[in-house]
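Engineer: Pasting in a structure now, in structure tokens, and then I'll have a few things to ask.
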Amino acid sequence: MSTKYVWDPFVRVFHWSLVIAFSVAFYTHASEWNRLIHVRAGYIAGFLLLARIVWGLMKTGYASFKKFPLNPVWAVKYGDRLLHGHAKRYIGHNPAGALIIYAMLALGLIAVGSGWLVYNEGWLIDQPEFLQAVHHYSTWGWLILVAVHVLGVIAESILHKDNLILAMITGRKDLP
Amino acid sequence: MKKLTLILTVLLSISTYTAQANVANAEKLVSIYSAIAKNSNPSYVGASVTDGKFFFNRKIKLGNGKEMACASCHTTNPADEGKHIVTGKSIRPLSPVVNEKRFADFDTVEAKFTQHCKDIIGSDCTAQEKANYIAYLLTEKTPTPK
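Those protein sequences? They're chains A and B, same order as listed. To convert, note that position 48 of the first sequence is 52 in the numbering used here; the numbers rise steadily by one, no gaps. To convert, note that position 137 of the second sequence is 153 in the numbering used here; the numbers rise steadily by one, no gaps.
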């Protein structure tokens, strides 16, 4: 057994901050009284997503986009192997996880961007109904991606006896 | 049987309702809400502009001690632009006569009523209140001269 340092502090802080920001934005979405909190939480989520993209482009190691390329074919193959119980263990993101992560980055930016335009009605695209629909469906879609991500994390943790949640807190993983 | 026919009529009018933004749509919404109100309260006599105006300007005491009315954000003239009291953002006129995008789509109207009524009153408004409300807004046709 050896321990490997996988997730750098930025990735860990980003991950849990995004969890908090999205939760706050979700919890406060319905009431006009909470409109400012909702908007600020959304903006924070947007900045976190942008920062993660910059980090993924400049960073080397497991946080780098190069380490988990977007490849839907690999992702489907990996998902199939996972269902048959003989998926290979990845130290960083596996191909299926990577696909979900890229989807979350993209849809997250659409959710925040459309929310930004809904809040500032009349800017750039003056189509309130259209923007509200985009904001509505992209955020609920994002929630579905979160559910898939969490299920994937749990499945992977059980299958490979690898506590992924703990690794996202400590940054470390035990290797056999 | 009469009740069932009425419900079917209401559902049919909702489903055939096209998302065309104009005064006719708002009038149609008044009749839809009136039909629902009549169904639950047989003594209901139709939408009241006076009651709608009273409801719009009525100050409701909230849990935090503040007093709020629809007019707090939408101003006492719904044909004017309003101002969100929390964010300070301007709100486009509420009257469907001035702003043709208002009261255009039934689902949106229902969602907004539910959300706003919960925010201020604490529960959804009744069909009667909604009918009165739109009937009143239809009478506000002139923005305040600047």
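Note that beta-carbon positions come from the ideal geometry of N, C-alpha and C, so glycine has one too. On a predicted model such as this, the values are computed, not experimentally measured, just so you know.
1. Throw me the rounded Cβ distance for the Ala107 (chain A) and Gly156 (chain A) pair, which I believe falls under 8 Å.
2. Should the segment 47 to 65 of chain A be called in touch with the segment 13 to 22 of chain A, which here means at least 3 C-beta pairs below 8 Å?
3. Out of curiosity, what's the CA-to-CA distance linking Trp37 (chain A) and Arg85 (chain A)?
4. Against chain A, with Cβ distances strictly below 8 Å, would Thr125 (chain B) count as a contact?
5. Write down every uninterrupted run of the alpha helix (DSSP H) in the segment 39 to 118 of chain A whose length is 4 residues or greater and which is fully enclosed by it, in chain order.
6. Please report whether the beta-carbon of Val114 (chain B) lies at a distance below 8 Å from any beta-carbon of chain A.
7. According to the neighbour-count rule (16 or more other Cβ atoms, all chains shown, within 10 Å of its Cβ), is Lys82 (chain B) buried or exposed?
8. Can you check whether the C-beta of Ser35 (chain A) is within less than 8 Å of a C-beta belonging to chain B?
9. Going by DSSP, what residues sit across from Met84 (chain B) in a beta bridge?
10. Quick check: Gly112 (chain A) and His139 (chain A), are their CB atoms within less than 8 Å of each other?
11. Please look up how many angstroms separate the CB atoms of Ala53 (chain B) and Ala143 (chain B), rounded, as I've assumed it's under 8 Å.
12. Is the CB-CB distance between Val113 (chain B) and Pro159 (chain B) below 8 Å?
13. Closest Cβ-Cβ distance between Tyr33 (chain B) and chain A: below 8 Å?
14. Kindly list the residues whose CB is nearer than 6 Å to the CB of Lys105 (chain B), restricted to its own chain and excluding five residues on each side of it in sequence; keep chain order.
15. How big is the Cα-Cα spacing for Ala37 (chain B) and Lys70 (chain A)?
16. Are the beta-carbon atoms belonging to Leu163 (chain A) and Ala79 (chain A) less than 8 Å from one another?
Structural biologist: On the basis of the data shown:
1. Taking C-beta atoms under 8 Å as the contact rule, Ala107 (chain A) and Gly156 (chain A) fail to qualify, at a distance of about 12 Å.
2. yes
3. 48 Å
4. Looking at the sequence shown, residue 125 (chain B) is not Thr but Val. Output row for Val125 (chain B): interface = no.
5. Secondary structure within the segment 39 to 118 of chain A: the alpha helix (DSSP H) runs of 4 or more consecutive residues, fully enclosed, are 39 to 62 and 76 to 87 (chain order).
6. For Val114 (chain B), the nearest beta carbon of chain A is not closer than 8 Å to its own beta carbon.
7. exposed
8. yes
9. B:Ile76
10. no
11. 4 Å
12. no
13. In this prediction, Tyr33 (chain B) has a pLDDT of 44, which is less than 50 and means its spatial position is unreliable; what the coordinates show is noted afterwards. Not flagged as an interface residue toward chain A: Tyr33 (chain B), since no C-beta distance is shorter than 8 Å.
14. Result list for Lys105 (chain B): empty, nothing under 6 Å.
15. Low confidence applies to Ala37 (chain B): its pLDDT is 46, below 50, so where it sits in the model is not reliable enough to give any reading.
16. no
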